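Undergrad: Quick one: structure below, then a few questions.
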Amino acid sequence: APRYETILVERRERVGLITLNRPKSMNALNVQMSQEVVAALRLFDKDDNIGAIVIAGSPRAFAAGADIEEMAGKSFVDLQSDDIFAAWEDLQRVGKPIIAAVSGYALGGGCELAMMCDFIIAADDAHFGQPEIKLGILPGIGGSQRLTRSVGKALAMDLILTGRNLTAVEAKAAGLVARIVPATELLQTALEAAHTIAGYNMPAVRLAKEAVNRAQEVGLTEGVLHERRLFQAAFATDGQKEGMNAFLAKRAPVFRHR
Ligand code: CO8
């Protein structure tokens with residue numbers, strides 16, 4: 032198994048768990064961490080024994096942003112030629128669902144990483160924000176785009192221009208967060224949600240994720256057409272027969288893992 036320095040990687044039955052682990056800097060996202068997270072995700076995505084993935088942080092911070100120490104001395108040309116945060120875009124190529132389990136601070140790149148996951152479960156003590164403006168910069172890992180799509184222009188402008196944070200309750204009301212749970216129950220809740228997903232017909236799970244993501248990219252007519260084709264494709268899987276036959280026979284379905 033690969034050796035990681037900035038993350039912890041575990042398996043809990045059919046769930047892959049990635050824990051961001053740079054406690055001295057509130058899980059600040061550096062280049063090494065981006066490479067390790069993406070490498071771990073790729074291995075889980077290819078592994079038939081894994082059906083869903085959880086990315087978690089620590090109680091104090093999911094991640095307090097990109098590593099300011101690492102970034103501070105960079106020039107425009109450094110960023111342009113090294114494109115140090117491009118690795119995060121590989122999250123988009125993971126076909127299995129990824130849940131962000133957010134407690135404490137999810138700021139800047141941390142909020143952006145959470146938004147790149149498929150949905151967010153937040154602890155009641157979570158804080159979300161894009162405070163880059165306070166550092167003289169702006170969001171750079173998709174925050175201006177994903178936050179705007181998620182919560183709308185008014186609130187996205189407010190957060191990105193003032194740098195203020197949202198509480199978990201505010202983030203839930205705005206549609207950024209799917210669920211809020213007590214901090215002590217966060218990891219268990221996220222693992223249970225992932226475990227539920229991992230028990231379903233995997234090809235259908237991938238198709239469902241693709242269908243919802245399509246809604247972020249295209250207009251309604253195109254999106255509905257795309258969904259129709261994906262729906263039809265689900266009927267080419269063993270799991271569709273199993274799911275429906277089990278329902279009709281009044282028994283629990285047993286889905287294969289591929
Ligand atoms: N980078 C590096 N170190 C950090 C970061 C960070 N983002 N956040 C916290 N730390 C460090 C602190 O420096 C401190 O280190 P030390 O103990 O050595 O002094 C340690 O973590 C603990 O932090 P605090 O003492 O500040 O703890 P508090 O509880 O007082 O405050 C906060 C916690 C509110 C989270 C505070 O640390 C903070 O405001 N952090 C910075 C948040 C921020 O501005 N994030 C945005 C970063 S920019 C970004 O994400 C841009 C992404 C796009 C880049 C694309 C480039 C191409």
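The opening position of the sequence shown corresponds to residue 32 in UniProt numbering, with each subsequent residue numbered one higher.
Ideal Cβ positions, reconstructed from N, Cα and C, are used throughout, including at glycine.
On a predicted model such as this, the values are computed, not experimentally measured, just so you know.
Mapping the DSSP letters down to three states, classify R249 as helix, strand or coil.
TA: The sequence given here places Val at residue 249; Arg does not occur at that position. Here V249 sits in coil by DSSP.
Undergrad: Can you tell which of Q66, T37, A204 has the C-alpha that lies nearest to the C-alpha of F116?
TA: If we check each option's Cα against that of F116, Q66 comes out closest.
Undergrad: With a threshold of 6 Å on Cβ separation, who are the neighbours of E101 within its own chain once the five nearest residues in sequence on each side are excluded?
TA: The residues are N61.
Undergrad: Indicate whether A153 and V133 have their beta-carbon atoms separated by less than 7 Å.
TA: Going by C-beta atoms, A153 is nearer than 7 Å to V133.
Undergrad: In the stretch 116 to 165, which residue ranges form an unbroken beta strand (DSSP E) of at least 3 residues, counting only runs that do not cross its ends?
TA: Runs of the beta strand (DSSP E) inside the stretch 116 to 165: 129 to 133, 136 to 138, 150 to 154, 158 to 160.
Undergrad: In three-state terms, what does DSSP make of E36?
TA: In the structure shown, E36 sits in coil (DSSP, three-state: anything other than H, G, I, E or B).
Undergrad: What does DSSP give as the partner residue(s) for R43 in the beta ladder?
TA: Looking at the DSSP assignment, R43 forms a beta bridge with V46.
Undergrad: Please check the pair I99 and A71, which I expect to be a contact at CB under 8 Å, by giving their CB distance rounded to whole angstroms.
TA: 24 Å between Cβ atoms; not a contact.
Undergrad: So V236 and P128 are in contact, right, with Cβ under 8 Å, and what is the actual spacing, rounded?
TA: The pair is a contact, with the Cβ atoms about 6 Å apart (cut-off 8 Å).
Undergrad: Apply the 10 Å Cβ neighbour rule to N58 and answer buried if 16 or more other Cβ atoms are within range, or exposed otherwise.
TA: Answer is buried; the Cβ neighbour count reaches 16.
Undergrad: At the level of alpha carbons, what is the spacing between E36 and T50?
TA: Computed Cα separation, rounded: 11 Å.
Undergrad: Using a Cβ-Cβ cutoff of less than 6 Å, which residues in the same chain neighbour G254 once the five nearest sequence positions on both sides are dropped?
TA: If we look at G254 and ignore the five residues flanking it on each side, its Cβ neighbours are R245, A246.
Undergrad: Can the beta-carbon of A137 be found closer than 7 Å to that of F159?
TA: Yes, these two residues count as a Cβ contact at 7 Å.
Undergrad: Which term fits I168, buried or exposed, when burial requires 16 or more other beta carbons within 10 angstroms of its beta carbon?
TA: When all chains shown are included, I168 counts as exposed.
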